[in-house]
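This report refers to the structure that appears directly beneath it.
There are 2 protein chains.
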Amino acid sequence: MQLDKLGDWRKTHFTADLTPDLIGQTVNVAGWIKRIRNLGALRFIILQDCTGEIQITLKKGKIADSLFEKSEVPHQSSIGVTGVLKEFKQAKKGVEIAPTEIKVFNHAPEQLPLDMTEKTMSDLDTRLDHRALDLRLPRNLAIFRIQNQLLHSIRNVLNRNEFIEVITPKIIGTATEGGTELFKFKYFDKDAYLSQSAQLYKEQLTIPFERVFELASCYRAEKSFTNRHICEIYTLDIEMAFVTMEDIFKLMEEILTVTLRDIKNRCLEDLEILGIQESFNVPRKPFKKRTYSDIVKLVNNKTDMNIEWGEDISTEAYRKLDEFLPGYYWITHWPTKAKPFYIRPSEEDPKISESFDLQKGWLELASGGTRVHEKSLLIKRLKEQGLDPSSFESHLQTFDYGMPPHAGIGFGIGRFLTSITGVDQIKETVLYPRTPDRLTP
Amino acid sequence: MQLDKLGDWRKTHFTADLTPDLIGQTVNVAGWIKRIRNLGALRFIILQDCTGEIQITLKKGKIADSLFEKSEVPHQSSIGVTGVLKEFKQAKKGVEIAPTEIKVFNHAPEQLPLDMTEKTMSDLDTRLDHRALDLRLPRNLAIFRIQNQLLHSIRNVLNRNEFIEVITPKIIGTATEGGTELFKFKYFDKDAYLSQSAQLYKEQLTIPFERVFELASCYRAEKSFTNRHICEIYTLDIEMAFVTMEDIFKLMEEILTVTLRDIKNRCLEDLEILGIQESFNVPRKPFKKRTYSDIVKLVNNKTDMNIEWGEDISTEAYRKLDEFLPGYYWITHWPTKAKPFYIRPSEEDPKISESFDLQKGWLELASGGTRVHEKSLLIKRLKEQGLDPSSFESHLQTFDYGMPPHAGIGFGIGRFLTSITGVDQIKETVLYPRTPDRLTP
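Line by line, the protein sequences are chains A and B. Going by the numbering used here, the first sequence opens with residue 1, and the numbers climb by one from there. Going by the numbering used here, the second sequence opens with residue 1001, and the numbers climb by one from there.
Written out as structure tokens, the structure reads:
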């Protein structure tokens, strides 16, 4: 099979740019063959690219026989088409292309490992095994175009609010933060770990920069097999000096409402592809706030479950409360014991902490709080949590550099994307997810 | 030592916002004490924050004695000041603050581990040991504010050019790409590695997305102790379908000129702090292109060194050519043997490849090329490079999904930032650098 060279040929338009005002013009489009329909002397090719699709109509007799023959290539092959844009009222876009040249850049085999017809979906594991192909499904393109907008909007809000983007190390020398299993490895002659979060670094970075954020991957060696856990997690980390958690509520509500409004306005077609354009809502500010104690009462009063004050609230309990807790809301003032050492105990009642989770219905999207900024209190908190202050030496030292009062939040991008796109599994919102049983591709 | 609570007190202005039009207003500022000068009944505090600095002037007798006493806190302590903005012609900003309240949020000790006077610099290793404090030096704040602008500008250009931001896995299952030492670790029961680059994934992602970019860290377990090597590297990775390297030149030149122009226009004070506002130039497009063969000839004709065609060009050779090769330029058409398997051999002469490096003077900033997109040729190239195609099975499979012709570039952010800020070492442009002998903080 002879392939065409790209040479000097370049696409002039994305399919999304092909509108009726271009009718009569010669255009170059490129992408892949989504569908071919043969009706005797008529052949219809649906050419898809990263922005959408366009129909290529070939009429035997009207075009060179060689061109008609050449156009018979397998689905998903990579092609370029030069042709004239014609009116075609039946198409959604109102246009189609009458080709004068077709370039076949790469053949796909007749038999593909995935069903790309969109009539039935291959199972998720098979799809992930052939992820680069799977991602061509319009629903997947839609998910990651929405993610692109999401990242863009988040950064815009943070830029407007004078935050500086930082890059913290993912290779760390001590298994500090506690709580989570870490991936361990040999860093030359030393032991090292993959960072489970930017927490300690982002706190330190409020010392010079006051307001910092990072969008990066972090790593959890947890053998969790739920729909919402993965081992390589892309998170938004925010930390801000001279504020408390009350200010973080406001900032995060701005981020979420701006981001969701941007997606609603700019990703219309993607929401349509996912069938959620009607149900996609931008929440109102401020979000409802409930204390941990309120939630415990709610569980005990409204479900058949019983929680002692101080216990964690299980996903099962949240699910049972689903009808009472719609949309986005904050759960504040968790038991100090249930939160990490860097979370600030309340002045009035040190059993309660200046902490919060951000929920959407039963799903936890983010957590954070006001931090401890006094070295002596932090050492006390470490000991209370059964951690050894001497293994935090380097971090504790930074509290001697005029550490400001600060507060922050960690927000899982994958979970958020799962929740707003309405897909079942967080794995669908990650290009190449890593789970305990998935390390490839 | 009693610390003040933040309570409901909030800063109303960054110091950079304090301009003469606000004279007479009461403002809240917060940051840290950069300098204190005592002249008997007069005390001057230079309060620094993440945007700049402001003078706080205290006159004994004019303010409460308790306030005057309270203002005697060590350098670098974290404070908040409420006061009235007054005219002060001698100051660069033309204003100072007459305080009515001072809050001390955190004390720094009398003796700090770094010289923060800017008169002498502590040595780099000591500075990196106390990085959070070191970063308060105005030159460091400037470097990372410039980085912030740089990342922002790069993304803007790519967004305008219809690129999608992607997140590729950093945990990979096979030590594929070759050439570099990788960090290896146990991923549950399997062997895994830290990704040395997004190369294979970004190529795969042109299949659905056509134009992708990523800004992320990658990892090299190389025992290099030069001024320009680190083990955790933040890079810009770009890959584009239906183009060749000629298009990448144009895109990258747009990225660089826009980014440098943005920095020149928007980071004026930072360039001033670094003392480079005069010498900071935005290069003209297009950049000069020289072939690898040209450079070899230049080395052999203009220096006392001798290079055989096919050999790599050493940093020493580049440095000796410094006067002949100013500014930004491309070195194109490297020997196929000297470049990785995914780089496309030229049609006319397969010994030469469709590859390039982007140089600034003697410093390599980026490299890339047109890629091989045909499976059979890629297998041939793997074998020629002494690599085993069977260990690339999962990657090779993606070439059956209608892989488009594509080209791309990898660009080191740290090296670029080093080169434009004029610092000596790449370590200075990374918040928490990782080198073979540095794993903390």
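Note that beta-carbon positions come from the ideal geometry of N, C-alpha and C, so glycine has one too. Owing to the predicted nature of the structure, the values given are computational and were not obtained by experimental measurement.
Which partner residues of residue i appear in the DSSP bridge assignment?
i: B/Ala-1016; result: For B/Ala-1016, which the question treats as bridged, DSSP gives no partner whatsoever.
i: B/His-1107; result: For B/His-1107, which the question treats as bridged, DSSP gives no partner whatsoever.
i: A/Asn-38; result: A/Arg-43
i: B/Tyr-1335; result: In the sequence as displayed, the identity of residue 1335 of chain B is Pro instead of Tyr. According to DSSP, B/Pro-1335 bridges with B/Ile-1352.
i: B/Val-1296; result: Beta-bridge pairing links B/Val-1296 to no other residue.
i: A/Tyr-187; result: A/Lys-190
i: A/Tyr-234; result: A/Ser-217
i: A/Val-81; result: A/Val-29 and A/Ile-102
i: A/Asp-49; result: A/Gly-52
i: A/Thr-370; result: A/Ala-407
i: A/Arg-228; result: A/Arg-228 pairs with nothing; no bridge assigned.
Taking residue i and residue j to be in contact with their CB atoms under 8 Å, please state how far apart those CB atoms are, rounded to whole angstroms.
i: A/Leu-365; j: A/Arg-415; result: 6 Å
i: B/Arg-1131; j: B/Leu-1431; result: 7 Å
i: B/Leu-1236; j: B/Ile-1154; result: 6 Å
Quick check: the Cα distance between residue i and residue j, rounded to an integer number of angstroms?
i: A/Ala-338; j: B/Glu-1278; result: 55 Å
i: A/Tyr-329; j: A/Val-282; result: 13 Å
i: B/Asp-1349; j: B/Trp-1334; result: 12 Å
i: A/Leu-124; j: A/Ile-230; result: 15 Å
i: A/Ala-142; j: A/Tyr-401; result: 46 Å
i: B/Phe-1088; j: B/Asn-1038; result: 18 Å
i: B/Val-1423; j: B/Thr-1226; result: 14 Å
i: A/Glu-53; j: A/Leu-47; result: 5 Å
i: B/Ala-1091; j: B/Asn-1140; result: 23 Å
i: A/Gly-310; j: B/Ala-1041; result: 55 Å
i: A/Arg-35; j: A/Ser-122; result: 18 Å
i: A/Phe-188; j: B/Ala-1221; result: 8 Å
i: A/Gly-61; j: A/Gly-94; result: 24 Å
i: B/Asp-1129; j: B/Pro-1441; result: 6 Å
i: B/Lys-1264; j: B/Val-1157; result: 16 Å
i: A/Leu-382; j: A/Val-372; result: 11 Å
i: A/Glu-347; j: A/Phe-341; result: 16 Å
i: A/Ala-192; j: B/Arg-1434; result: 11 Å
i: A/Arg-344; j: A/Glu-354; result: 5 Å
i: A/Ala-175; j: A/Cys-218; result: 14 Å
i: A/Glu-162; j: A/Lys-202; result: 15 Å
i: B/Ser-1066; j: B/Val-1073; result: 13 Å
i: A/Ile-426; j: B/Lys-1375; result: 32 Å
Going by beta-carbon coordinates alone, are residue i and residue j separated by less than 8 Å?
i: A/Pro-436; j: A/Lys-184; result: no
i: B/Ile-982; j: B/Ile-1063; result: Outside the modelled stretch of chain B, which goes from 1001 to 1441, sits residue 982 of chain B, for which no answer is possible.
i: B/Phe-1249; j: B/Pro-1286; result: yes
i: B/Arg-1145; j: A/Ile-164; result: yes
i: B/Gly-1080; j: A/Phe-399; result: no
i: B/Asp-1262; j: B/Gln-1149; result: yes
i: B/Leu-1006; j: A/Pro-113; result: no
i: B/Leu-1182; j: B/Gln-1204; result: no
i: A/Glu-393; j: B/Ile-1171; result: no
i: B/Lys-1302; j: B/Phe-1324; result: yes
In chain order, what residues of the same chain lie with their CB nearer than 6 Å to the CB of residue i, ignoring the 5 residues before and after it?
i: A/Glu-428; result: none
i: A/Ser-419; result: Lys-360 and Leu-363
i: B/Pro-1138; result: Ile-1273
i: A/Ile-56; result: Ile-45, Leu-47, Val-81, Ile-97 and Pro-99
i: A/Val-84; result: Thr-26 and Ala-98
i: A/Ile-23; result: Leu-85 and Glu-87
i: B/Asp-1270; result: Ala-1142, Arg-1145 and Ile-1146
Beta-carbon within less than 7 Å of residue i's beta-carbon, same chain only, minus the 5 sequence neighbours each way: which residues are those?
i: A/Asp-49; result: Phe-14, Thr-15, Val-29, Ala-30 and Gly-31
i: A/Asn-106; result: Leu-3, Ser-77 and Ser-78
i: A/Thr-12; result: Val-27 and Asn-28
i: A/Trp-356; result: Here residue 356 of chain A is Phe; the residue named in the question, Trp, does not match the sequence. Result list for A/Phe-356: Met-245, Trp-330, Ile-331, Thr-332, Ser-367, Gly-368 and Gly-369, in chain order.
i: B/Leu-1151; result: Leu-1215
i: A/Glu-253; result: Lys-285, Pro-286 and Phe-287
i: B/Tyr-1318; result: Trp-1362
Under 8 Å Cβ to Cβ from residue i, same chain only, skipping five residues before and after it: list those, please.
i: B/Ile-1379; result: Pro-1389 and Leu-1396
i: B/Asn-1306; result: Val-1299 and Asn-1300
i: A/Glu-316; result: Met-305
i: B/Val-1258; result: Ser-1153, Asn-1156 and Val-1157
Can you confirm whether residue i, when its beta carbon is compared against all beta carbons of chain E, has any partner nearer than 8 Å?
i: B/Gly-1083; result: Going by chain labels, chain E is absent from the structure shown, which instead holds the protein chains A and B.
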